[in-house]
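Going by the UniProt record's numbering, the sequence shown opens with residue 1, and the numbers climb by one from there. Glycine included, every Cβ here is placed at the ideal spot set by N, Cα and C. A short worksheet on the structure shown next.
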Amino acid sequence: MEISEMLAKLTLEEKVSLLSGQDFWSTTPLPSIGLRSMVVSDGPSGVRGPIWDERDPSLSLPSATAIASTWDTELLKEVGRVMAFEARRKGVDVVLGPTINLHRSPLGGRHFECFSEDPYLSGKLAAGFVQGIQAKGVGATLKHYVANDSETDRYTLNAVVSEKTLRELYLKAFEIAIEESKPWLVMSAYNSVNGPTMTENPLLDEPLKGEWKFDGVVISDWTAVRTTVDAGNASNDLAMPGPYTPWGAALVAAVNKGKVSMAAIDAKVERLLLMAQRVGGFGPAPKPENLSDEFIQDFARKASAAGAVLLKNSDALPLAKEVSIAVIGGHASAGREQGGGSATVVPVEVITPLAGINAASKAIISYALGVEADSKLTRFSARNAINTMTKKPGMQIEAFDENGVLIHSEERYAGQLNWMAIDWVFRTKSLKVSLTYTPDEDGKHQFGVGYVGPVTITQDGAKILDTDVLPDNDDIGGAVLNPPEARVDRELKKGVATELVFEFQTGGLDIPVIACNVGFKTPIGTLQQEREKAVAIAKTSDVSVVFVGTTPAIESEGFDRTDLKLPEGQDELVKAVAAVSKKTIVVINAGSPILMPWKNDVDAIVLTWFPGQQMGNAIADILFGDAEPGGRLPTTWPDKESDLPVRDVTPVNGILEYREGSDIGYRAWIKSGNKPAFAFGYGLGYTTWKKELLSNEWNNGLNLEVSVRNSGSRSGSDVVQIYGAPASDLTNKKLLGFAKVFASAGEKKSVNISIAAHSFDFWESGWVRKSGSWKIWIASSALDESLSVNVEVQ
């Protein structure tokens, strides 16, 4: 049946029913036209599916900043293919990703979830990602449209951005991705831009649906549709989650009263039906492609190594497998494979760096904690808790109604607990988690919860905590995804079991969600004591590998960072180890830039970002030379925080002014003359490269032919980066093109890069060509000016 025929059959009530979700993660079905419910799922770095816990685990791929560091659009297509496989395996029709907001400031809390500070690189990589997913019949969603580049007051802030800045930067990333990959969805953001909230903003019409001819669905971010009439008349098509949105019966009434046009309703429904056709929504959910687990794990491992960036190497890497190694730092034994928030998935297993190094090395490996990787509670799981009722690994969950009647019970195996808009959740007034814990050592332990609302903890029948946990801020998403903690200290004896009951009173979130964590902390020494243990093993080893990184408390969805420093004790740990070690290698496990006051004191620095569940194996591959760190920075890393071009991510009286205009990232660094620690596009490898410009020609665009020779002794990869600026203003430099090159030792390759004529346009109330003389750099970073040519732009 044609869409026009289906539309003609539907009543107003049926049409409007399609415009709100059926529940948290699915759309409303309509059996009269054969339309099933379609499932959507968060998925920038892995597809979670409707169940967000250990019962339905997911593949955890490297974060967006890690994948972006590959500068490899073909790899992004393969990432999309694997994501589509995961989606279909979990019954998901639409992946809510990729995120292509820009790195306006490294202080942005979701920096790790976005590709780059540059719109061209972001758009190109997003296009590859989308092409890979949609080639397998799964919808991809570009988000968050638009200027949703920081977290503080994200639901309510008004981003005041000039038209020139929007067009040249923040909209440009979406424009490139839409024109090159034709995504089936775009997600409207929470924030307002220049007044109207994005679910009602004219930018949904122009340039999105008009100039760019986007024919897909505009899906709201969760709860971002706030009005009936204004949002109903605007170009947001689908309000999520459902069924309780401002639309429904209220929107039907508004149409009947002439406040919302039937044409607006029909336009939304047409797009939803087209999306359904594209994802197979008029038949059974399609089956996944036949990809083996071995293929998936191998791909995750290779993608992780491909995105790692070698920032420094004074002949320290790669390591021989026979050297003795001191592995130091909490991030080695409990690294962060992914960022926090809605991008989080629950993998079956994470290979820690310590495990990966142990498996690959042929020598003695010593380990010292040095500094904890995460100050937050370690969640109870089947590895460390026994269900008090069943005596099996895990814990027992019991939900009670307002009369204290048991209405739901289930066995669980991990202490991160989330239930969203399920029938029994609406009726639950209290929730109990029961387990038995047996400590492995004597000393002061902590038991605690992550939650918003009243909670008690009972140990062996005695109440040890009774408190009302308050939210850290007004961000309800943060309260669900990263709830504040309450703890109590307890002295325990090794081997002596203790029974624990955690009881939560519901209602603290004002939404039909129960989100709580139960966890513990084991005894550790002071920072000085743990640092001394690390120094001791560093002295007796051939090389020290120190792992540092951020924690969920400072880098996650729901809040912005206050500074770029590593958590307490990590800088001091690196300096102390470097002072005594024969050779010191630092591995950075962070999703966004950090300061490195010790960078001149160490022999090598490897940036792994958040590298996914195969992180340990990939890091071992890099350290021992079985894989090359193939990454180049997609964002500038500062040397000093005071040099940051944009530090203002906090709205004032609800307004966040983008005063810097287009001067973000490398554009601003070049104009300021300040020198960053590491430039945009920078990255080393285990081989060396020579570039030569063979030819350049203008033919309705610039065509370049570049010779690239691997002048080193092993195979590797490089990125040819093309930057340009008008000769009249050489500081007005921007990325125009790039190409990923793979070559064996001594091999020479010819690379052709075509740059469209419109790449030389600037926005002046419309796109205007900057004709005349331009300087073009064939470079290895935004600051590399060793090879250039002057061209005439027509």
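Quick one: any contact between the stretch 400-410 and the stretch 434-443, if contact means 3 or more CB pairs under 8 Å? no
Taking Cβ to Cβ, would you say residue 49 is nearer than 9 Å to residue 339? Working through the sequence shown from its first residue, we reach residue 49 at position 49. Working through the sequence shown from its first residue, we reach residue 339 at position 339. No, they are not a contact pair.
Is it the case that the Cβ atoms of residue 329 and residue 570 are separated by a distance below 9 Å? Sequence index remark: in the sequence shown, residue 329 carries index 329 (1-based). Sequence index remark: in the sequence shown, residue 570 carries index 570 (1-based). Cβ atoms of residue 329 and residue 570: closer than 9 Å.
Between residue 199 and residue 190, what straight-line distance do the alpha-carbon atoms span, to the nearest angstrom? On the sequence shown, position 199 is the one that residue 199 refers to. On the sequence shown, position 190 is the one that residue 190 refers to. Residue 199 and residue 190: Cα-Cα distance of roughly 8 Å.
Just grab the DSSP bridge partners of residue 416 for me. Taking the sequence shown and counting its residues from 1, one reaches residue 416 at position 416. In the DSSP output, where bridge partners are listed per residue, residue 416 has 517.
Which whole-angstrom value is the C-beta distance of residue 633 and residue 683, which I expect to be below 8 Å? As a first step, residue 633 must be located in the sequence shown, where it is residue number 633. As a first step, residue 683 must be located in the sequence shown, where it is residue number 683. The pair is a contact, with the Cβ atoms about 6 Å apart (cut-off 8 Å).
Between which two residues does the alpha helix (DSSP H) harbouring residue 538 extend? Reading the sequence shown from its first residue, position 538 is the one you call residue 538. That run of the alpha helix (DSSP H) goes 527-539.
For residue 318, collect the residues of the same chain with a Cβ closer than 7 Å to its Cβ; drop the 5 residues on either side in sequence, then sort them by chain order. Counting from one through the sequence shown, the residue named residue 318 turns up at place 318. Same-chain partners within the cutoff: 623, 624, 625 and 686.
Is any beta-carbon of chain C found at less than 9 Å from that of residue 715? Going by chain labels, chain C is absent from the structure shown, which holds only one protein chain.
Where does residue 213 land, buried or exposed, given buried means 16+ other C-beta within 10 angstroms? What you label residue 213 is simply residue 213 of the sequence shown in a count that begins at 1. Counting Cβ neighbours within 10 Å, residue 213 comes out exposed, since fewer than 16 surround it.
Pairwise C-alpha distance: residue 446 and residue 527: Within the sequence shown, the letter at position 527 stands for residue 527. Within the sequence shown, the letter at position 446 stands for residue 446. Each residue's alpha carbon lies about 18 Å from the other.
Pull up the CB-CB distance for residue 503 and residue 432, whole angstroms please, since I reckon it's below 8 Å. Indexing the sequence shown from 1 puts residue 503 at position 503. Indexing the sequence shown from 1 puts residue 432 at position 432. At roughly 5 Å, the Cβ-Cβ gap stays under 8 Å, so residue 503 and residue 432 are in contact.
In chain order, what residues of the same chain have a beta carbon less than 7 Å from the beta carbon of residue 193, not counting five sequence neighbours either side? Numbered from its first residue, the sequence shown carries residue 193 at position 193. For residue 193, where only same-chain residues beyond five positions count, the Cβ hits under 7 Å are 146, 147, 159, 161, 201 and 203.
Write down the C-beta distance between residue 513 and residue 615 rounded to the nearest angstrom, noting that I regard them as a contact closer than 8 Å. Position 513 of the sequence shown, counted from the first residue, corresponds to residue 513. Position 615 of the sequence shown, counted from the first residue, corresponds to residue 615. Between residue 615 and residue 513 the Cβ distance is about 30 Å, and since that is not below 8 Å, they are no contact.
Per-residue DSSP class, three states only, for residue 214: As a first step, residue 214 must be located in the sequence shown, where it is residue number 214. Residue 214 falls in the coil class under three-state DSSP.
Ignoring anything shorter than 4 residues or poking outside the stretch 601-646, list the alpha helix (DSSP H) runs there in chain order. 615-623
Assigned secondary structure, residue 498 (DSSP; H/G/I helix, E/B strand, else coil): The sequence position of residue 498 within the sequence shown is 498, counting from 1. It is a strand residue.
State the start and end residues of the unbroken alpha helix (DSSP H) segment that holds residue 82. The count along the sequence shown starts at 1 and reaches residue 82 at position 82. First-last of the alpha helix (DSSP H) with residue 82: 73-89.
Quick one: measure Cβ to Cβ for residue 314 and residue 236, integer angstroms, because I've assumed they're closer than 8 Å. Taking the first residue of the sequence shown as 1, we reach residue 314 at position 314. Taking the first residue of the sequence shown as 1, we reach residue 236 at position 236. About 54 Å separates the two Cβ atoms, so there is no contact after all.
Applying the 10 Å Cβ sphere with the 16-neighbour rule, what's the burial state of residue 767? The residue you call residue 767 lines up with position 767 of the sequence shown. Exposed, by the Cβ-count rule.
Let me know the secondary structure DSSP gives residue 425 once reduced to three states. Numbered from its first residue, the sequence shown carries residue 425 at position 425. Helix at residue 425.
Pair every Cβ in the stretch 101-118 with every Cβ in the stretch 132-139, then say whether three or more of these pairs are closer than 8 Å. no
Inspect the beta-carbon positions of residue 87 and residue 130 and report whether they are closer than 9 Å. For the purposes of this step, residue 87 is taken as the residue at position 87 of the sequence shown. For the purposes of this step, residue 130 is taken as the residue at position 130 of the sequence shown. Contact: no.
Cα separation between residue 84 and residue 791? On the sequence shown, position 84 is the one that residue 84 refers to. On the sequence shown, position 791 is the one that residue 791 refers to. C-alpha separation (whole angstroms): 43 Å.
Identify every run of the alpha helix (DSSP H) within the stretch 319-373, keeping only runs that are complete inside it and at least 4 residues long; order them along the chain. 330-333 and 353-360
Closest Cα partner of residue 70 within the set 587, 100 and 631: What you label residue 70 is simply residue 70 of the sequence shown in a count that begins at 1. Here the closest residue by C-alpha is 631.
Examine the Cβ distances between the stretch 592-601 and the stretch 635-648 and report whether three or more of them are shorter than 8 Å. yes
What is the DSSP secondary structure of residue 687, counted as helix, strand or coil? Here residue 687 refers to the residue found at position 687 when the sequence shown is read from its first residue. Residue 687 falls in the coil class under three-state DSSP.
What span of residues does the beta strand (DSSP E) with residue 123 cover, start to end? In the sequence shown, the residue the question calls residue 123 occupies position 123. Unbroken run through residue 123 is the alpha helix (DSSP H), 119-134; no beta strand (DSSP E).
For residue 57, count neighbouring C-beta atoms within 10 Å of its own C-beta (all shown protein chains included) and say buried if the count is 16 or more, exposed if not. Looking up residue 57 in the sequence shown gives position 57. So residue 57 ends up on the buried side.
Leaving out the 5 sequence neighbours to the left and right, which residues in its chain are closer than 7 Å to residue 575 when beta-carbon positions are compared? Position 575 of the sequence shown, counted from the first residue, corresponds to residue 575. Excluding residues within five positions, the ones whose Cβ falls inside 7 Å are 598 and 601.
Of the choices 543, 9 and 586, whose alpha-carbon is the least far from that of residue 322? Within the sequence shown, residue 322 is the residue found at index 322, counting from 1. Closest option to residue 322, Cα to Cα, is 543.
May I have a chain-ordered list of the beta strand (DSSP E) segments no shorter than 3 residues that lie completely inside the stretch 668-751? 689-698, 701-710, 716-726 and 734-743
For residue 575, three-class secondary structure by DSSP: Mapped onto the sequence shown, residue 575 falls at position 575. DSSP places residue 575 in helix when its eight states are reduced to three.
For residue 367 and residue 358, I'd like the C-alpha separation in whole angstroms. Within the sequence shown, the letter at position 367 stands for residue 367. Within the sequence shown, the letter at position 358 stands for residue 358. Cα to Cα, residue 367 sits roughly 10 Å from residue 358.
Please report how far the alpha carbon of residue 346 lies from the alpha carbon of residue 54, in whole angstroms. On the sequence shown, position 346 is the one that residue 346 refers to. On the sequence shown, position 54 is the one that residue 54 refers to. Looking at the two C-alpha atoms, the distance is approximately 6 Å.
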